[in-house]
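Report on one structure; see the data block that follows.
Residue numbers (the numbering used here): 18 to 62.
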């Protein structure tokens, strides 16, 4: 395999990993927001 092809594959993998990490972050934010929503709702009564 030539280096140029290898570099492109590496970039693609890196981009996919970054996207996954970003999506996980967003999911954590959404879940955390829901949890905070529940607790604040309970404290209100």
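We put the beta carbon where it would ideally sit given N, CA and C, even for glycine.
Please report the distance separating the alpha-carbon of residue i from that of residue j.
i, j, result
"residue 39", "residue 49", "15 Å"
"residue 53", "residue 42", "16 Å"
"residue 11", "residue 34", "Residue 11 is absent from the structure shown; the chain starts at 18 and stops at 62."
"residue 51", "residue 22", "44 Å"
"residue 26", "residue 45", "29 Å"
Sorted by chain position, which residues of the same chain lie with C-beta nearer than 6 Å to residue i's C-beta, five sequence neighbours on each side aside?
i, result
"residue 20", "none"
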